Structure formats: structure tokens, C-alpha cells
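Sequential numbering from 726 applies to the sequence shown in my numbering.
All C-beta atoms in this analysis are idealised placements derived from N, C-alpha and C, irrespective of residue type, glycine included.
Just so it is clear, the structure is predicted and the values come from calculations on it, not from any experiment.
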Amino acid sequence: MRQAELRAASADRQARSVLGELQVIERDIDRTSTELRSLENRVHVAEREVQQLSRDLVSANQRLDTRNSQLGVRLRALAERGAVSYLEVLLNARSFADFINRFLLLQTVINQDIAIYHAVQDEKEAVEDKKAAVEARQVELSALREQTRSRQANLQSRAQNRSAIFNRLTQDKEQAVRAHAELDRLAKEIDEIIRQLTARNLTGRGTGTFVWPTPGFTRITSPFGWRTHPIFRTREFHSGIDIGAPQGRNIVAADSGEVIYADWLGGYGRTVIISHGEFTTLYAHASTLLVQDGDKVTQGQVIARIGSTGNSTGPHLHFEVRNRGGTRLNPVQHVRP
């Protein structure tokens, strides 16, 4: 009997270890995915800036060519004029009025020549500045691309680790059953958290009718009720419905209310919970959350984006409806596509 108890205790520890490892991997994948999206956005911004700087450099070179041409014209004119000096032009004046006119004309010519010269120097500096800016941004862009490749490799490695755990659970039925039992225990803890949240004195009140939470995507990939767990391959009661949709598509509030939770929630991944007064709705496995705890939302407002965070086999929304007491209800009895 003692040996059997020890084996059972060891198996329980292994199940908890597997789930713990799985949760660490899921959070790591989620964090890496977020970093990767940020890096990809920065790469796109840097690429656009390099393109704009390159266009600016072309324009600066064109302006420099124009200024050089103007300066060349003036230099040729001076060469053709030969030894005739500005002083001779003034001394050949026929009268004092002619002298003043010649002086003002020469002053204008000299100022124009000086302006052309300074313009050429300014354009040369502008070209050099643009060249330096392009080179610096290209160096930064190369570094960002290298970081992106590193994050992609890390993401792929963690995804392979997750697949290895799934395969191990598939092959070891006993461990899968115990892991699922541990998952049930965690789910009960989450249920209690949700019950406590819904018991709060909230000001959010809904209309009493729901709209479909994934506009344009209506396929239910897993209905409410008993099913075979997609990861552990064990029988379980599915407390909501899964709606298939592409990564990043909109998730909207089924009704107006108050956000009572917006964060990571165990196997649910990134999750939003909204109190509508008599009912509570839950939106799980999101890639991005667009609301915070305490926010007031309106029916149809975008609150998150479709993802595959937590215990998930692909992008989808896990959608739950609960009454004030925390009892899970069949969502399709309250909302239709």
C-alpha cells in the first residue's frame, strides 16, 4: 500500500511538473510573440525611414547639382570677363549717378555670387548629413533584423518544446489523466476567482441581449458540453464554445458592462471577463488585450484580438457565459451568429 501511495504521489508531482513546465512555455511563447511583433513593427518603421532618407538624399544631390551648375555659370562668366575688375567698372562711370547705379549693380552681383557659394556649401553639408543618417539607420535596421531572427528561432524552439510535451502526454495516458486532473483543480480555482469577481458591487449593466463576439467568424469548432480534451485526450466538460478565427481578428464585447478582469489567467491565456449585471462573459486565448480592469465597455466594442495563448492548439476564441452565481451557461442559448 505504501509503495502504491508513493507511486501515486510521484505521478501527481510529475503531472504538476508537466503543467508547470507547460505554463512556463506558454508564457514564454506569449512574451516572445509580443517581443517579435514589436520588433517587426520597428523593422517596418526603420525600413520606411531608410526609404524616406534615401529619397531625401536623392533630392539633396539634385539640389547640389543645380547649385553647382549655377556656380559654374558664374565662374565661366568671370573667366570670360577677363581682367576687367569691379574697380574699373566703377571708374568708367560717366557721372555720379552712374557711379551709384554701377555700385549698386555690382553689390547685387557680388551678393548673388556669395549666396550661390554658400548655397553650394549648405547643400554639400545636407548631402553628407543625409548619407550619414541613411548609413546609421541601415546599421540599426540590420541589428533589428538580427534580433527578429533570434526571437523567431527562440519562438520556434519553445513551440517545439510544447509539442514535445503534448506528444509525451499523448503517449503516456496515465500521466495525461493526472495532468488533466491537475488542470481541473486549477480550473476550480479559476472558477472561484471568477465567482469572487462577479460578487463585487459593480456599476456595469448590460442590455440583456448579446451580440456575436467574433464579427465575421461564426464557425464553432468545439461546442459547450462534454468532449475529448484537444491536448490531453481525456473526457472533460467544455465550459464554453470555441469559435475559429484568424490570428489578430477582432473580439468584441457581447454586451455593455464593466471589465472585471483583463490579464493572463492560467490555461485560458490572455483573458477578458466582463460583468453585465445578471450575466458575466469570458473571452480567452487572446493575443492582445485592448481593455483594462475597471473599464466600462459598450456592446460591440473591440476588447481584444484573436490569439492562441494559454492551453490552445491554434487561434480561436473560447467564449463563456455565466450567471451571477458563477454557473456556466450554454452561450448559444443566449447569442446566435
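* Can you check whether the CB of G965 is closer than 8 Å to the CB of P1056? -> In contact: P1056 and G965 (Cβ atoms closer than 8 Å).
* Identify the continuous beta strand (DSSP E) that holds H1010 and give its terminal residues. => Where H1010 is concerned, the enclosing beta strand (DSSP E) starts and stops at F1004 to A1011.
* Asked: Between the C-alpha atoms of R732 and G1035, what's the straight-line distance to the nearest angstrom?
  -> In this prediction, R732 scores a pLDDT of 40, lower than 50, which makes its location untrustworthy; the coordinate-derived value is nonetheless stated afterwards. Between R732 and G1035, the C-alpha separation is close to 29 Å.
* Cutoff 6 Å; reference R718; Cβ partners in own chain excluding five residues on either side -> Residue numbering for the chain in the displayed model covers 726 to 1062; residue 718 lies beyond these limits and cannot be assessed.
* For T1038, which three-state DSSP category applies? -> In the three-state reduction of the DSSP assignment, T1038 falls in the coil class, being assigned neither a helical nor a strand state.
* Which of helix, strand or coil does DSSP assign to R756? -> Assigned with DSSP and collapsed to three states, R756 falls in helix.
* Neighbour-count burial assignment, A808, 16 or more Cβ in a 10 Å radius -> Residue confidence for A808 is low, a pLDDT of 45 falling below 50, so the modelled location carries little weight; the figure read from the coordinates is stated next. The residue is exposed, with fewer than 16 neighbouring Cβ atoms inside 10 Å.
* Backbone CA spacing between T873 and D967 [nearest angstrom] -> The alpha-carbon atoms of T873 and D967 are separated by roughly 31 Å.
* Does the ligand SAH have even one heavy atom less than 7 Å from the beta-carbon of L922? -> The ligand SAH is not part of the structure shown, which contains no ligands of any sort.
* **For S994, the first and last residue of its enclosing beta strand (DSSP E)** => First, the amino acid is wrong: residue 994 is Gly here, not Ser. For G994, there is no enclosing beta strand (DSSP E), since its DSSP letter is neither H nor E.
* To do: Could you have a look at H769 and say whether DSSP puts it in helix, strand or coil?
  => Residue state, collapsed to three classes: helix.
* Asked: Bridge partners of G988, per DSSP?
  -> In the sequence as presented, Gly is not what sits at residue 988; that position holds Asp. Partner residues in the beta bridge of D988, as assigned by DSSP, are T996.
* Asked: In angstroms, rounded to a whole number, what distance separates the CA positions of T946 and W989?
  -> The straight-line gap from Cα to Cα measures roughly 23 Å.
* To do: Would you grab the beta carbon distance between V864 and V1060 for me? Rounded to a whole angstrom, and I think it's under 8 Å.
  => Wrong, their Cβ atoms sit about 53 Å apart, outside the cutoff.
* Asked: Quick one: what does DSSP say R960 is sitting in, helix, strand or coil?
  -> The answer is strand: DSSP assigns R960 an E or B state.
* Verify whether the separation of the beta carbon atoms of A987 and L1014 is less than 8 Å. => Closer than 8 Å, so yes.
* To do: Indicate whether H1041 and H1010 have their beta-carbon atoms separated by less than 8 Å.
  => It is a contact, given that the beta carbons lie within the stated cut-off.
* To do: On a CA-only basis, which of V1016, R995 and V1027 is nearest S1037? Give me that one, please.
  => For S1037, the nearest C-alpha among the options comes from R995.
* **First and last residue of the uninterrupted beta strand (DSSP E) at T953** => Counting along the chain, the beta strand (DSSP E) containing T953 begins and ends at G950 to T953.
* CB-CB under 8 Å to D1018, same chain, minus the five flanking residues each way: which ones, in chain order? -> Around D1018, the same chain offers V984, I985, Y986, A987 and D988 as residues with beta carbons nearer than 8 Å, after the five sequence neighbours per side are excluded.
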